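Student: Residue numbers (this note's numbering), protein chains in the order written: chain A, 1 to 240; chain B, 1001 to 1334; chain C, 2001 to 2300. Quick one: structure below, then a few questions.
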Amino acid sequence: MTALLTVDGLSKRFRGLLAVDRVSFAVPPGAIFAVIGPNGAGKTTLFNMIAGAMAPNAGSITFAGEAVHGLPADAVCRRGIARTFQIVRPFPGLSVEDNVTIGALLHRHDVGEARARAQALLQRLDLFDKRERIASTLTLPDRKRLEVARALATEPQLLLLDEVMAGLRPTETDRMVAILKALNSDGLTILLIEHVMRAVMALASRVLVLDHGVAIAEGTPEEVVRDPAVVQSYLGAEAV
Amino acid sequence: MIARLFAGVSPRAAILLAVLLAAFLAAPWIVNDYLLTVLIIILYFAYAGQAWNIMMGFAGQLSLGHAIYLGLGGYVAAMLFTQFGIAPWLGLVAAIPVAAACGAIIGFLAFRFGVTGVYFAILTIAFAEFARIGFDNWGYVNASSGLFLPVKQYVHNDLWRLRGSPAMFYYVILAATALVFALCHFLLRSRVGYFWLAIREDELAARAAGINTFRYKMIAVMVSASVTSFAGVFYAFFYNNLFPEQVFSISRSIEIILGPIIGGIGTLFGPILGAFVLTGLAEALRSAMTAFGVDLPGATQVFYGLCLLVVIVALPDGVWPPLARRLGVGKGGK
Amino acid sequence: MASLRVRGGSVPLDVYLNVAVGGVLTGLVYGLMALGLSVIFGVVRVVNFAHGEMMTIAMFLAVVLCGDLHLDPLILLVPIAAVLFAFGYVLQRGLINLFVTRPEHTQFLLLVALAIIITNVLLIVFGPDARSVQTSYGYASFQIGALIVDAAKVYAGAAAIVFAAALFAFFRYTLLGKAIRACADNHTGALVVGLDVKRLYALTFGLGAACVGAAGTMMVLLIDATPMLGPSYTLLAFVIVITGGLGSMPGALLGGVLIGVTEAVAGLLFTPSLKSMFAFAILVLVLLFRPQGLLGKRLA
């Protein structure tokens, strides 16, 4: 089965710092693929390159058979990759419904149709009752779900989630996990950066571990968690 | 289409609108010529402010050089009229592409090169000043001596050539303001309008949602420029003279933005309300000063500055949103 | 004698040199004015749209005091700078400070409002006519070889350099100056270390205003004062600061000199009234191709 997303030898340098160093991996369609690693490992930089927020210095990114590296963020989204942000960015002054409608308008040019699709998504993500509220007045967990809804409205094949569980209490984490599992079973491929191991273990079919920009391990969650290199990077040499 | 126009407007707002419209239509029969001229100026600012609002209130791009579109519109139409006898309505057909092209140049240069926020505002000022000095030295348009339109009489209303009584001009600008109001209402509910709001709220997030922000910002600038150019044509034919020093002046640019800021950026009624409040109070001030025999050139400008100051400090969203809440018109009648 | 062919005939090279040198000196005064803007923006991050208007206040102060008290503008330099310092301090502390957390364009518009008020109050008080100062050296000039320069320009330029040097020394060597630089570099860090950021911001705005005050006092030696000068000088200050590089103090002076020379020489080559267009053309080019300016640091 050909991978939906293939990252090959991707590198990014910021002046003196090599943030991402020849990282390669493949995400099969329908999978939930997690990228984990200590802070500063280069995970968000990797994401930003896939999402088109920045261009890589070397390497390639192939999505659904086409090269997407170096494309601007809006073009990447139009190709079918949607993303959320580490620090949530809903459209603050607009209503919840308008936020998601804007996402839906990407592929549905009729405002009425887009709005209908938005409402359906809001139902799915449990935000329908709050659809008239202004985005900036929502709680953090609601804003996170709103961002996911908006991303989904753009009808992606691949959803990039950047630490979507951060700041959520365990019950809210479980709720989000359930939503993501449901979306995945409908055919959505998910690539997520995550620190909350509870979510990673519950969701991911494959995990990639980054440390200092280098991929140090890849495998199933169980394999990766026991990998000595991984343990060392998180806990230090003495722990091994 | 009419039904679509009224979608999302609450009954209360619709009634308010109807009352206002009736009052406006009846005005020439009620007020004297002087007050009619004041109303014309109010509507002119309401129109121009709404045009500027498209760029700022909807797409979030602060333009402080909008006078350039006024000037271009005015000069194109005025030159075509004085040199070739072409009527202003046809002149408008020529003026719009010129203004749109100018907006496109400014927009392209700014957006391609990442000039945003305050830098963008400064860029727009620079372009307007460039035009001012350029026209001030351009012999073909009579440079700083100014361009004058021939006025033969005021009694006969010649709508085609825009020569006539204040009442005629009043209805022209009233119709224009109503049209631009409808246009904005329509735009706000369209796909383009939603994308503009997204760009205004958070351009980065808008891009992540697949919006080609460059294209939509360009559209905003070009639409705003085109709409503003009519105000320039009106200005030229109403005042019958054009001086680069005045029409391209930064004072014109600032006058245009005062209405929307005071009334409320990004709202539909804001520019109109703001124009009313501002010009209305300014006229009251002027009358009071004349009554007391006081003649202070610059006093009205100080007054405008103070109004702006007060609104910025105390009512950051403008006068319209709190007023709308009071009237119970809320978001629907925005 | 070497000369250049231009529209209307050929102009001898030493005329160019004189004009250019005059432009450099005038440019130093422009630079001092722009230095004030650079300091304010570099530290307080406020885009002072009322900058030119503040200079106009200083110019009128100089005209009035010079006329009434018969004091030479060079002597009035420090007092007027002090008055503007106080004005700037109070303005920042009392009004602009409230806007630190508000969106950028609101802050900007606040200063637009102030600019309108200042210009028109000056118009009401002084009327639209130009005012000038009479100095003992008003018509004098220095001659070095083929070079002939106005004495007034030399004094103005020299005073500008001295004032700027004093400011550089302040920021480089005094504790207060270093504290302000710390604030500019890292706002949160400064707070953490215990610096009274509000007071430092007010001080900085005051210093920027003092620069403007000094520049304005010098400017009356070069041009007549009218209330409507404000907007064009605000724009000029922006052109200089952006060209020289935001946040770079030497850049502001360099930019000022560059603009001064360009204006002067362009005024010679083309119609004088077109010379302002060059300043704007430079601004547009800089904004597009080198937004950090000649000496500025690239902003994130």
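Using N, Cα and C, we set each Cβ at its ideal position, and we do this for glycine too. Keep in mind that this is a model prediction, so the values were computed, not measured.
#1: Can you pull the chain C neighbours of Y1069(B), defined as C-beta to C-beta under 7 Å?
#2: Does any CB atom of chain C fall closer than 8 Å to the CB of V1115(B)?
#3: Can you tell me whether DSSP reads F2134(C) as helix, strand or coil?
#4: DSSP on V2286(C), reduced to helix/strand/coil?
#5: Are the beta-carbon atoms of A1208(B) and C77(A) separated by less than 8 Å?
#6: Thinking C-beta only, is R143(A) closer than 8 Å to V200(A)?
#7: Which residue comes first and which comes last in the beta strand (DSSP E) that contains A2119(C)?
#8: Between which two residues does the alpha helix (DSSP H) carrying A58(A) extend?
#9: Which residues of the stretch 1210–1235 of chain B have a Cβ closer than 8 Å to any Cβ of chain A? Give them in chain order.
#10: For V20(A), report the span of its beta strand (DSSP E) as first-last.
#11: Under the DSSP definition of a beta bridge, which residues are partnered with E66(A)?
#12: Does Q2143(C) pass the burial test, meaning 16 or more other C-beta atoms within 10 Å, or should it be called exposed?
#13: Count the other CB atoms, across all protein chains shown, that sit within 10 Å of the CB of G1328(B); report buried if there are 16 or more and exposed otherwise.
#14: Applying a beta-carbon distance threshold of less than 9 Å, which residues of chain C neighbour P1088(B)?
#15: Tell me which same chain residues have a C-beta within less than 8 Å of the C-beta of L106(A), skipping the five on either side of it?
#16: Output needed in chain order: residues of the stretch 1274–1305 of chain B with a Cβ under 7 Å from some Cβ in chain F.
#17: Output the boundary residues of the beta strand (DSSP E) element that contains A1059(B).
#18: Assign A1129(B) to buried or exposed, taking buried as 16 or more other Cβ atoms, counted over all protein chains shown, within 10 Å of its Cβ.
#19: Between A1275(B) and F1045(B), is the Cβ-Cβ spacing less than 8 Å?
#20: For the structure I just gave you, are there three or more beta carbon pairs, one from the stretch 2258–2278 of chain C and one from the stretch 2072–2084 of chain C, closer than 8 Å?
#21: Rounded to whole angstroms, how far is the Cβ of V2043(C) from the Cβ of Y2201(C), which I believe are closer than 8 Å?
#22: Relative to chain B, which residues along the stretch 2248–2281 of chain C have a C-beta separation below 8 Å, given in chain order?
#23: Distance, Cα to Cα, G1057(B) vs F2108(C)?
#24: So which residues of chain A does E1201(B) contact, with C-beta pairs closer than 8 Å?
#25: Grouping DSSP H, G and I as helix and E and B as strand, with all else coil, what is S11(A)?
#26: Can you list the alpha helix (DSSP H) stretches of 4 or more residues lying completely in the stretch 96–147 of chain A, in chain order?
#27: At which residue ranges does the stretch 2153–2220 of chain C contain complete alpha helix (DSSP H) runs of 4 or more residues, listed in the order of the chain?
#28: Within 10 angstroms of its Cβ, does N39(A) collect 16 or more other Cβ (buried), or is it exposed?
#29: Using only the alpha-carbon positions, how far apart do L127(A) and L146(A) sit?
#30: Helix, strand or coil: how does DSSP classify E1245(B) here?
#31: Quick check on F1108(B): does DSSP put it in helix, strand or coil?
#32: Rounded to a whole number of angstroms, what is the C-alpha to C-alpha distance between A1110(B) and L1187(B)?
#33: Short of 8 Å Cβ to Cβ, which residues in the stretch 1174–1195 of chain B face chain A?
#34: Any contact of the stretch 2227–2241 of chain C with the stretch 2047–2056 of chain C, i.e. 3+ C-beta pairs under 8 Å?
#35: Let me know if W1052(B) comes out buried or exposed under the rule of 16 or more other beta-carbons within 10 Å of its beta-carbon.
#36: Can the beta-carbon of A2225(C) be found closer than 8 Å to that of S2132(C)?
Tutor: Taking the structure as given:
#1: Simply none; closest approach about 17 Å.
#2: It does: the Cβ of V1115(B) has a partner Cβ on chain C nearer than 8 Å.
#3: What sits at residue 2134(C) in the sequence shown is Gln, not Phe. DSSP, read as helix, strand or coil, puts Q2134(C) in coil.
#4: Helix at V2286(C).
#5: Yes. Within cutoff.
#6: With contacts defined by Cβ atoms closer than 8 Å, V200(A) and R143(A) do not form a contacting pair.
#7: Checking the sequence, you will find Thr at residue 2119(C) rather than Ala. Unbroken run through T2119(C) is the alpha helix (DSSP H), E2104 to F2126; no beta strand (DSSP E).
#8: Boundaries for A58(A): no alpha helix (DSSP H) harbours it, while the beta strand (DSSP E) harbouring it runs A58 to F63, taken from the DSSP string.
#9: Answer in chain order: G1210, I1211, N1212 and T1213.
#10: Taken as a continuous stretch (DSSP letters only), the beta strand (DSSP E) holding V20(A) covers L17 to V27.
#11: Paired residue(s): F63(A).
#12: A residue is called buried when at least 16 other Cβ atoms come within 10 angstroms of its Cβ; Q2143(C) does not meet this threshold and is exposed.
#13: Classification of G1328(B): exposed, given that the 10 Å Cβ count is below 16.
#14: Against chain C, the beta carbon of P1088(B) has no neighbour under 9 Å; the closest one sits roughly 30 Å away.
#15: So the list reads C77, R78, A153, T154 and E155, once near-sequence residues are dropped.
#16: Of the protein chains in the structure, A, B and C, none is chain F.
#17: Bounds of any beta strand (DSSP E) do not take in A1059(B), whose DSSP letter is neither H nor E.
#18: A quick correction: the sequence has Glu, not Ala, at residue 1129(B). Label assigned to E1129(B): buried.
#19: Contact flag set, yes.
#20: Contact between the stretch 2258–2278 of chain C and the stretch 2072–2084 of chain C is absent, because fewer than three Cβ pairs lie under 8 Å.
#21: Taking 8 Å as the upper bound for CB-CB distance, V2043(C) and Y2201(C) are in contact here, some 7 Å apart.
#22: Contacts with chain B (Cβ-Cβ distance below 8 Å) from the stretch 2248–2281 of chain C involve T2271, S2273, L2274, S2276, M2277, F2280 and A2281, listed in chain order.
#23: Going from the Cα of G1057(B) to the Cα of F2108(C) covers about 16 Å.
#24: Those within 8 Å of E1201(B) in chain A are F91, P92, G93 and L94.
#25: In the three-state DSSP reduction, S11(A) falls in the strand class (E or B).
#26: The stretch 96–147 of chain A contains these whole alpha helix (DSSP H) runs: 96–104 and 111–124.
#27: Correct list: 2175–2185, 2187–2193 and 2197–2219.
#28: N39(A) comes out exposed.
#29: Distance from the CA atom of L127(A) to the CA atom of L146(A), rounded to whole angstroms, is 7 Å.
#30: Correct three-state label for E1245(B): helix.
#31: F1108(B) sits in a helix when the DSSP states are folded into three classes.
#32: Our two residues, A1110(B) and L1187(B), have alpha carbons roughly 24 Å apart in a direct line.
#33: Cβ contacts with chain A come from R1189, S1190, R1191, Y1194 and F1195.
#34: Contact between the stretch 2227–2241 of chain C and the stretch 2047–2056 of chain C is present, because at least three Cβ pairs lie under 8 Å.
#35: Sixteen is the threshold: when 16 or more other Cβ atoms of the shown chains lie within 10 Å of the Cβ of W1052(B), as they do, the residue is buried.
#36: Yes.
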